[in-house]
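For the sequence shown, the working numbering assigns the number 24 to the initial residue and increments by one for each residue that follows.
First comes the structure, then the notes that go with it.
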Amino acid sequence: MDGFRDGTPIGLGYFVVGFSLGIVAKYVGLSPLQGFVISLLNNASAGEYAAFTVIGSDAPYFEIALLTLVANARYVLMSAVLSQKFSPDTPFYHRIFVGFDVTDEIFGIAIARGGRWLNPFYNYGAMLTALPGWSLGTACGIVAWNFFSESAVSALSVALYGMFLAVIIPPARKDKIIGAAVVASFGLSFLAEKIFPEISAGNRTIALTILIAGAAAILFPVEEKSD
Numbered sequence: 024m025d026g027f028r029d030g031t032p033i034g035l036g037y038f039v040v041g042f043s044l045g046i047v048a049k050y051v052g053l054s055p056l057q058g059f060v061i062s063l064l065n066n067a068s069a070g071e072y073a074a075f076t077v078i079g080s081d082a083p084y085f086e087i088a089l090l091t092l093v094a095n096a097r098y099v100l101m102s103a104v105l106s107q108k109f110s111p112d113t114p115f116y117h118r119i120f121v122g123f124d125v126t127d128e129i130f131g132i133a134i135a136r137g138g139r140w141l142n143p144f145y146n147y148g149a150m151l152t153a154l155p156g157w158s159l160g161t162a163c164g165i166v167a168w169n170f171f172s173e174s175a176v177s178a179l180s181v182a183l184y185g186m187f188l189a190v191i192i193p194p195a196r197k198d199k200i201i202g203a204a205v206v207a208s209f210g211l212s213f214l215a216e217k218i219f220p221e222i223s224a225g226n227r228t229i230a231l232t233i234l235i236a237g238a239a240a241i242l243f244p245v246e247e248k249s250d
């Protein structure tokens, strides 16, 4: 119940953002059922947006899978950190199920949970609102396409970009290195599209993600602070 309570505002927020994502899904020709299933199995805004982009360009399955893996790579690190909050005798299947829906927001409320050990059912409670909110929001966004005017749909689609700005601006303001990486990603993405138009958008995104993130990690490693 604690997880359900803390996850309710997350689920409501996911519905709104998922609605915007559904507009993008409709652009690439997905049905409401397809959008619902994709969001249910891949609860990740950036990962899904990237996947929809390459789906729209008729990319092969391998490219879609690789791009989604790269876009969602941060969740691997979050899961590793979250696993340290579980008691050593926590069954493996609990770790698998909790790891299935590690998102930025659920990770945030779980890692801030008081107590020495984290109860997996806290995460399950949060997932009960997060997953339906995200999946139904995506499906409703696709359905709404048929009832709204083109100008209204265009306005709604801007909400997704607003979400991305909300994700990148706060850390960019706090850390100049992150801000520089964001600016570099904009510039290099533009140049790559002009210089290598024959390379698909998915492959360009994969290459630039690895290049920029790798360069930042090597040149400006994060200093570890001891307690």
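Beta carbons are placed, not taken as given, at the ideal position from N, Cα and C, and that holds for glycine.
Computed from a predicted structure; not experimentally measured.
{"Query": "contact_flag[the stretch 71-86, the stretch 104-111] where n(CB pairs < 8 Å) is 3 or more", "Result": "no"}
{"Query": "Where the alpha helix (DSSP H) containing E221 begins and where it ends", "Result": "It is not in any alpha helix (DSSP H) - E221 carries neither H nor E in the DSSP assignment."}
{"Query": "Span of the alpha helix (DSSP H), counted from its first residue to its last, around N146", "Result": "P143 to A167"}
{"Query": "Closest residue to D81 among A135, G52, F109 and N65 (Cα-Cα distance)", "Result": "G52"}
{"Query": "Whole-angstrom distance between P155 and N142, CA atom to CA atom", "Result": "21 Å"}
{"Query": "Neighbourhood of N146 by C-beta, 7 Å cutoff - its chain only, sequence neighbours within 5 removed", "Result": "G26, V121, I129 and A133"}
{"Query": "Terminal residues of the alpha helix (DSSP H) in which D127 lies", "Result": "D127 to I134"}
{"Query": "Within 8 Å, strictly: CB atoms of Y72 and G160", "Result": "no"}
{"Query": "Simplified DSSP state of P194, which is helix, strand or coil", "Result": "helix"}
{"Query": "Proximity winner among P111, F219 and A224, relative to I87 (alpha-carbon distances)", "Result": "A224"}
{"Query": "Proximity below 8 Å, CB of G34 to CB of I165", "Result": "no"}
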